[in-house]
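From first to last, the protein sequence lines stand for chains D and E.
For the first sequence, my numbering begins at 18 and goes up steadily by one.
For the second sequence, my numbering begins at 18 and goes up steadily by one.
By construction, the Cβ of each residue, glycine as well, lies at the ideal position given by its N, Cα and C atoms.
Written out below as structure tokens is the structure these notes cover.
Protein chains: 2
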Amino acid sequence: MTALAQKLAAFGIGAVAGDAPFDMMRLSLLDWAACGIAGRDEPVARITRGLALEDGGTAEASVIGSPTRLPARAAALVNGAASHALDYDDTHFAHIGHPSVAVIPAALAVAVAEGTRASGTDFLTAALLGVEASIRVGVWLGRAHYQTGFHQTATAGAFGATIAAARLLGCDARQMTQALGLVSTRAAGLKSQFGTMGKPYNAGIAAANGVEAALLAARGFVSNPAGIDGPQGFGPTHAGAADAGALDGLGTAWLFQTISHKFHACCHGTHAMLEALAEFDCDPATITGLTVTTHPRWLSVCNIPAPETGLEAKFSYRMTAAMALLGHDTGAIANFTDALCADPTVVALRDKVTVVADDSLAETAAQVDLTLVDGRVLTARHDLNAPMALDVRAAKLRHKAGALLGDDIATRLWDVTTDATGPDLAALGALLRGDQA
Amino acid sequence: MTALAQKLAAFGIGAVAGDAPFDMMRLSLLDWAACGIAGRDEPVARITRGLALEDGGTAEASVIGSPTRLPARAAALVNGAASHALDYDDTHFAHIGHPSVAVIPAALAVAVAEGTRASGTDFLTAALLGVEASIRVGVWLGRAHYQTGFHQTATAGAFGATIAAARLLGCDARQMTQALGLVSTRAAGLKSQFGTMGKPYNAGIAAANGVEAALLAARGFVSNPAGIDGPQGFGPTHAGAADAGALDGLGTAWLFQTISHKFHACCHGTHAMLEALAEFDCDPATITGLTVTTHPRWLSVCNIPAPETGLEAKFSYRMTAAMALLGHDTGAIANFTDALCADPTVVALRDKVTVVADDSLAETAAQVDLTLVDGRVLTARHDLNAPMALDVRAAKLRHKAGALLGDDIATRLWDVTTDATGPDLAALGALLRGDQA
Numbered sequence: 018m019t020a021l022a023q024k025l026a027a028f029g030i031g032a033v034a035g036d037a038p039f040d041m042m043r044l045s046l047l048d049w050a051a052c053g054i055a056g057r058d059e060p061v062a063r064i065t066r067g068l069a070l071e072d073g074g075t076a077e078a079s080v081i082g083s084p085t086r087l088p089a090r091a092a093a094l095v096n097g098a099a100s101h102a103l104d105y106d107d108t109h110f111a112h113i114g115h116p117s118v119a120v121i122p123a124a125l126a127v128a129v130a131e132g133t134r135a136s137g138t139d140f141l142t143a144a145l146l147g148v149e150a151s152i153r154v155g156v157w158l159g160r161a162h163y164q165t166g167f168h169q170t171a172t173a174g175a176f177g178a179t180i181a182a183a184r185l186l187g188c189d190a191r192q193m194t195q196a197l198g199l200v201s202t203r204a205a206g207l208k209s210q211f212g213t214m215g216k217p218y219n220a221g222i223a224a225a226n227g228v229e230a231a232l233l234a235a236r237g238f239v240s241n242p243a244g245i246d247g248p249q250g251f252g253p254t255h256a257g258a259a260d261a262g263a264l265d266g267l268g269t270a271w272l273f274q275t276i277s278h279k280f281h282a283c284c285h286g287t288h289a290m291l292e293a294l295a296e297f298d299c300d301p302a303t304i305t306g307l308t309v310t311t312h313p314r315w316l317s318v319c320n321i322p323a324p325e326t327g328l329e330a331k332f333s334y335r336m337t338a339a340m341a342l343l344g345h346d347t348g349a350i351a352n353f354t355d356a357l358c359a360d361p362t363v364v365a366l367r368d369k370v371t372v373v374a375d376d377s378l379a380e381t382a383a384q385v386d387l388t389l390v391d392g393r394v395l396t397a398r399h400d401l402n403a404p405m406a407l408d409v410r411a412a413k414l415r416h417k418a419g420a421l422l423g424d425d426i427a428t429r430l431w432d433v434t435t436d437a438t439g440p441d442l443a444a445l446g447a448l449l450r451g452d453q454a
Numbered sequence: 018m019t020a021l022a023q024k025l026a027a028f029g030i031g032a033v034a035g036d037a038p039f040d041m042m043r044l045s046l047l048d049w050a051a052c053g054i055a056g057r058d059e060p061v062a063r064i065t066r067g068l069a070l071e072d073g074g075t076a077e078a079s080v081i082g083s084p085t086r087l088p089a090r091a092a093a094l095v096n097g098a099a100s101h102a103l104d105y106d107d108t109h110f111a112h113i114g115h116p117s118v119a120v121i122p123a124a125l126a127v128a129v130a131e132g133t134r135a136s137g138t139d140f141l142t143a144a145l146l147g148v149e150a151s152i153r154v155g156v157w158l159g160r161a162h163y164q165t166g167f168h169q170t171a172t173a174g175a176f177g178a179t180i181a182a183a184r185l186l187g188c189d190a191r192q193m194t195q196a197l198g199l200v201s202t203r204a205a206g207l208k209s210q211f212g213t214m215g216k217p218y219n220a221g222i223a224a225a226n227g228v229e230a231a232l233l234a235a236r237g238f239v240s241n242p243a244g245i246d247g248p249q250g251f252g253p254t255h256a257g258a259a260d261a262g263a264l265d266g267l268g269t270a271w272l273f274q275t276i277s278h279k280f281h282a283c284c285h286g287t288h289a290m291l292e293a294l295a296e297f298d299c300d301p302a303t304i305t306g307l308t309v310t311t312h313p314r315w316l317s318v319c320n321i322p323a324p325e326t327g328l329e330a331k332f333s334y335r336m337t338a339a340m341a342l343l344g345h346d347t348g349a350i351a352n353f354t355d356a357l358c359a360d361p362t363v364v365a366l367r368d369k370v371t372v373v374a375d376d377s378l379a380e381t382a383a384q385v386d387l388t389l390v391d392g393r394v395l396t397a398r399h400d401l402n403a404p405m406a407l408d409v410r411a412a413k414l415r416h417k418a419g420a421l422l423g424d425d426i427a428t429r430l431w432d433v434t435t436d437a438t439g440p441d442l443a444a445l446g447a448l449l450r451g452d453q454a
């Protein structure tokens, strides 16, 4: 039997067809960088960066929010934590994980290191293979792994980060297999850290673990090549389901194609509702009632009826619905404030919202029924898994980047990340560091 | 309910009574350093050190086998891997783990860092609290955790390393609790790496994880303080048994007191036999037969009947018995060679050895029955858990250090580590680095 690591390594070192979702990878790179730069002053980013800067070391890779370059492993740790700090980055629902925050920091740190000096296209290709691999490993680990308490962003992510880093280092199949065997003993991350700095840190450790495993394997480190799926391997010891079909079509079909981007700076459970509400264009003064129908799983997640803080607002159907209908951009983090929670106009509309559950809806879907003063009822539905035209997604992500960073930096970031010839890694590094133009 | 981390933190920051086993800690420090220096050129040590030196960074802590000092986290990683490379370091059978290789590298790296500059006694105290905590956490996780596939040296070890590092950094109870909550999401290490470089690397990651968690907590990192034993904490997600009595007597009774040191450079399963054989003093030419009786669990571990390589010899009752009876020091790594496996005198005696199993023996015990040419049968038994007078242990460890390092360095190491006023950390660092006198 071929060990999982060998199959993944064959994918990781292989050629990539031109019809692979490079366009989507560019958009995830844009979104990752926007979230990371916007998160640079979050406490978890400041603390992790502060320690890494104190440790110092060879100036290799750019660090978000600092002019000082650091060794690849350290940069991956800091940038992973910073880019997940706002919890506003991309999600894949097949395994419930955030692929970009684990993989891109690893790929970027290694790509620009002395001795690698990869092209923008090499970097983008490695990142794409890494995120795809992380989703596949996540599916292989399955829902049981997640439900047991493991944070797939960190665990599955470490394997994707390893593949991206090892490819950029020029590892052969044997070395990449060794790197995957090695990261099997280091991959970690628990959901019980949710609500603390430990959650974004988990993304950082995935990225750093991947970089370290790849660098050690490139130097001849010998691990157990069956460390993922062999006896007492990562899967068997971490409640992995060992989904036999998880790797089907690897290299031709791309699960990453169905990556989900956040367009609202609040809990993902509210997003289907907010997308449905976006179909309406009516005077808020004419609204007499709104009924939100959602899958029951979300009622324990984001249904705070009368939030009093900006953080609570992010987990409130009623509040975010009122914000959207009144034109308070839910894509702007700065709009989630304690003050807005107390605003009489917002509160009045919020109190007209009723939330009901219906388990016949998909987890990713919501329905909204808006009653107007003239008696009319407007209805809309949205499913986050519904296909979105690439240009629509691109426009939304560009708008999001502008809301996060201001138009000037967002435009520069857009130009760098969406360049069809591959990102200019030097220019991207300057934007991440925050160099003055 | 008080979370486990809070109880451990209270222990970790507390005062330590004068009757705590400081003498045993000094001997484990001696043994740890001897194993580490002897392991400095092992492939896992060279590779891990090579990467860390390339990363570089602030010159804080000594690295085994290099004149260059590195940041504490990096030094802990390298020194943990190097000191476990020969698999000749101390073991605690209550949880089956190697406490010193995870904890001492973390404590030493932080003790000498700028801003800490701990005294030798402070370092020794922190290390003692760390190893005790790692054993307690190991007992709390239980045999199920180990049998599932987790390498307690790495997992339980990370918590002990965290406590030692956080104490030396002057963390208060809240910070140490946060550090323990944080390391809960990073602690990792699998037994499936046994037989590869991944095993000693696991000791390194435990030490490095502890240092990083402590340094981040000292900077204000916020984690889940119930990250060890709360819902979806480290224990519940890692097959932990949650042994309710694991912390009984913490601070007054010391499980570390029953630490086991290796006096033979071979599989621990052969050690009870070798200790029993040491009671004989007879001319090998007069031996006509030897029967070794051992617990059946070892037959699949160290019963290679006719080993051909030095590595195989380490896992052979028959070979190691013949070596011991013929005066080939089983404490000297250099004696385990392919050539000795083919030596006619050794092979002739080896072939007179019969191994039998008896499950009424303790796992840590063996019996030897030696038949002489005159018909006499000499019998001896040994149990590794039998108490050993401290001066006997000290003399054995000093002899072991001499066999590993030569008498000159062993004497200097003895003087530094067993100094009753606490180790001279500068002198210890010089010995680890290999500075010329």
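Beta-carbon gap between residue i and residue j smaller than 9 Å
{"i": "E:Thr381", "j": "E:Leu291", "result": "no"}
{"i": "D:Leu421", "j": "D:Ala349", "result": "yes"}
{"i": "E:Ala302", "j": "E:Glu325", "result": "no"}
{"i": "D:Gly252", "j": "D:Ala259", "result": "yes"}
{"i": "D:Ala397", "j": "D:Leu294", "result": "yes"}
{"i": "D:Thr75", "j": "D:Leu94", "result": "no"}
{"i": "E:Val309", "j": "E:Val370", "result": "yes"}
{"i": "E:Ala171", "j": "E:Ala204", "result": "yes"}
{"i": "E:Arg450", "j": "E:Gly82", "result": "yes"}
{"i": "E:Pro248", "j": "E:Gln195", "result": "no"}
Nearest residue (CA-CA) to residue i, options the options
{"i": "D:Ala135", "options": "D:Leu442, D:Thr194, D:Ala341 and D:Ala224", "result": "D:Leu442"}
{"i": "D:Leu232", "options": "E:Gly423, E:Thr65, E:Asp36 and E:Trp49", "result": "E:Thr65"}
{"i": "D:Phe332", "options": "D:Leu87, D:Asp104, D:Ala69 and D:Gln210", "result": "D:Asp104"}
{"i": "E:Phe280", "options": "E:Arg393, E:Pro242 and E:Ser45", "result": "E:Ser45"}
{"i": "E:Gly177", "options": "E:Pro84, E:Leu21 and E:Leu294", "result": "E:Leu21"}
{"i": "D:His10", "options": "D:Ala69, D:Asp107, D:Phe39 and D:Ala51", "result": "Residue 10 of chain D cannot be examined here, being either before or after the span of chain D that is shown, 18 to 454."}
{"i": "E:Ala130", "options": "E:Val80, E:Gln164 and E:Arg160", "result": "E:Val80"}
{"i": "E:Ile222", "options": "E:Glu59, E:Leu199, E:Thr254 and E:Asn96", "result": "E:Asn96"}
{"i": "D:Val120", "options": "D:Thr213, D:Lys24, D:Pro84 and D:Asn219", "result": "D:Asn219"}
{"i": "D:Arg410", "options": "D:Arg43, D:Ile30, D:Gly29 and D:Ala69", "result": "D:Arg43"}
{"i": "E:Met214", "options": "D:Ser209, D:Leu199 and D:Ala225", "result": "D:Leu199"}
{"i": "E:Leu145", "options": "E:Ala374, E:Arg415 and E:Ala37", "result": "E:Ala37"}
{"i": "E:Phe297", "options": "E:Ala50, E:Leu389 and E:Gly446", "result": "E:Leu389"}
{"i": "E:Leu272", "options": "E:Trp315, E:Arg153 and E:Ala124", "result": "E:Arg153"}
{"i": "E:Thr287", "options": "E:Ala263, E:Thr354 and E:Trp315", "result": "E:Trp315"}
{"i": "E:Asp368", "options": "E:Met336, E:Val433 and E:Asp436", "result": "E:Met336"}
{"i": "D:Gln274", "options": "D:Val33, D:Pro60, D:Met41 and D:Ala183", "result": "D:Met41"}
Cross-chain neighbours of residue i in chain D, by beta carbon under 8 Å
{"i": "E:Ala204", "result": "Ala205"}
{"i": "E:Arg90", "result": "Asp72"}
{"i": "E:Gly244", "result": "Leu207, Ser209, Gln210 and Gly215"}
In DSSP terms, what residue i is bridged to
{"i": "E:Val385", "result": "E:Val309 and E:Ala397"}
{"i": "E:Ser277", "result": "E:Thr108"}
{"i": "E:Thr371", "result": "E:Thr308"}
{"i": "E:Phe167", "result": "E:Leu207"}
{"i": "D:Gly114", "result": "D:His109"}
Neighbour list for residue i in chain D, Cβ cutoff strictly below 9 Å
{"i": "E:Thr305", "result": "Chain D residues near E:Thr305: none, gap ~42 Å exceeds 9 Å."}
Within chain D, the residues that residue i reaches when beta carbons sit closer than 7 Å
{"i": "E:Gly67", "result": "Arg236"}
{"i": "E:Leu5", "result": "Missing from the structure shown is residue 5 of chain E; chain E here goes from 18 to 454 and no further."}
{"i": "E:Lys208", "result": "Gln249"}
{"i": "E:Asn241", "result": "Ser209, Gln210, Thr213 and Gly215"}
Residue i: contacting residues in chain E (beta-carbon distance under 9 Å)
{"i": "D:Leu197", "result": "Here the premise fails: no neighbours, minimum Cβ distance about 12 Å."}
{"i": "D:Phe167", "result": "Gln249 and Thr254"}
In chain order, each beta strand (DSSP E) run of at least 3 residues that lies wholly inside the region 71–97 of chain E
With a minimum length of 3 residues, the continuous beta strand (DSSP E) runs that stay inside the region 71–97 of chain E are 78–80 and 83–87.
Identify every run of the beta strand (DSSP E) within the region 293–346 of chain E, keeping only runs that are complete inside it and at least 3 residues long; order them along the chain.
List check, beta strand (DSSP E) in window: 304–311.
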